[in-house]
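Here the structure comes first, spelled out in structure tokens, and everything after it is commentary.
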Amino acid sequence: MNLFDLSGKVAVVTGGTHGLGMAMAEGLAAAGAELAISSTTPSKLEEALDYYHSKGYKATGYIFDVTDELEAAQKVALMEATHGKIDILVNNAGIIKRIPAIDMEVEDFRKVIDVDLTGPFIMSKLVGKYMIKRKSGKIINICSMMSELGRDNVVAYASAKGGLKMLTKNLATEWAKHNIQVNGIGPGYFATSQTEPIRVDGNPFNDFIISRTPEGRWGNPEDLAGTAIFLASDASRFINGQIIYVDGGILATIGKPANE
12 MNLFDLSGKV
22 AVVTGGTHGL
32 GMAMAEGLAA
42 AGAELAISST
52 TPSKLEEALD
62 YYHSKGYKAT
72 GYIFDVTDEL
82 EAAQKVALME
92 ATHGKIDILV
102 NNAGIIKRIP
112 AIDMEVEDFR
122 KVIDVDLTGP
132 FIMSKLVGKY
142 MIKRKSGKII
152 NICSMMSELG
162 RDNVVAYASA
172 KGGLKMLTKN
182 LATEWAKHNI
192 QVNGIGPGYF
202 ATSQTEPIRV
212 DGNPFNDFII
222 SRTPEGRWGN
232 PEDLAGTAIF
242 LASDASRFIN
252 GQIIYVDGGI
262 LATIGKPANE
């Protein structure tokens, strides 16, 4: 299936050291891509690289903050010099602060917007400059169901992810003429180390997610790999400005009646 083959491609994955970012990065590597992984934490980056190398994947790590334009520009230039090109950019790095809107400090709101929305803009701008010159590139923004829905105590995150959806559409509009496809992935609720404490029978949120999801389960991180490969490959060369929600069907339904 040559359409999905990423051999010879270089993929930058921000925050690709754990969780869903690592699952998507591993999928890209399994399809043949060479990885360039970023993090702000040296210990996490070293641990992730050890894992990728143990699997036989080619991966290099870079420490920098995606919200620092000068630092990011230096590292993107280094990636270009080291790898010769960047074919794929996955804007995955993000944070969340669970605070009721009425109690949230403006500083905390701005921090989430900075990491989850401004960071992807900075990285897309920096990497996009090289992609435009080469007339080729794939940018994948990791959105969220909060790009479409609200939820208690995530006002900054939902605002950022809603903005990221529109950033995706606007960059696709501007850069399609350069043979650059900009799309997004919106993960649903996934079984990761962060959600492990609540993924137990009897936990109200666990029961809610299982009942709210038509498939009746949490997603497995590897469920995201196929979508990432698809959007990074030639198979999606005429798809632009779209968000694919990998959510087990949550956004497709109003939910079950209370008496069912």
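This note's numbering numbers the first residue of the sequence shown as 12 and each following residue consecutively.
Heads up, the beta-carbon is just placed ideally off N, CA and C, and yes, glycines get one too.
Beta carbon of residue i nearer than 8 Å to that of residue j
| i | j | result |
| --- | --- | --- |
| I99 | E91 | no |
| I261 | R223 | yes |
| Y68 | S49 | no |
| V24 | G32 | yes |
| D119 | I110 | yes |
Three-way DSSP call (helix, strand, coil) for residue i in this model
| i | result |
| --- | --- |
| P111 | coil |
| L46 | strand |
| Y141 | helix |
| A88 | helix |
| V117 | helix |
| Y73 | strand |
Whole-number beta carbon distance between residue j and residue i, since they are thought to touch under 8 Å
| i | j | result |
| --- | --- | --- |
| N231 | A263 | Rounded, the Cβ-Cβ distance is 19 Å, inconsistent with contact. |
| S204 | L14 | Not really, about 33 Å apart at Cβ, beyond 8 Å. |
| T71 | A47 | 5 Å |
| I143 | H189 | 5 Å |
Residues near residue i in its chain [Cβ-Cβ closer than 8 Å; skip 5 each side]
| i | result |
| --- | --- |
| D258 | M156, G197, P198, G199, Y200, T224, G230 |
| I250 | Q192, N194, L242 |
| T129 | T78 |
Own chain residues within Cβ distance below 7 Å of residue i, not counting five before or after
| i | result |
| --- | --- |
| N217 | I209, R210, V211 |
| K172 | D127, C154, S155, M157, S158 |
Environment of residue i [buried if 16+ CB atoms lie within 10 Å]
| i | result |
| --- | --- |
| P131 | buried |
| K176 | buried |
| N102 | buried |
| L39 | buried |
| I265 | exposed |
| A169 | buried |
| A88 | exposed |
Same chain, Cβ closer than 6 Å to residue i, neighbours up to 5 away in sequence not counted
| i | result |
| --- | --- |
| T179 | N152, V193, G195 |
Cβ-heavy atom distance, residue i to the ligand HEM, below 7 Å
| i | result |
| --- | --- |
| I106 | The ligand HEM is not among the ligands present in this structure, which contains no ligands whatsoever. |
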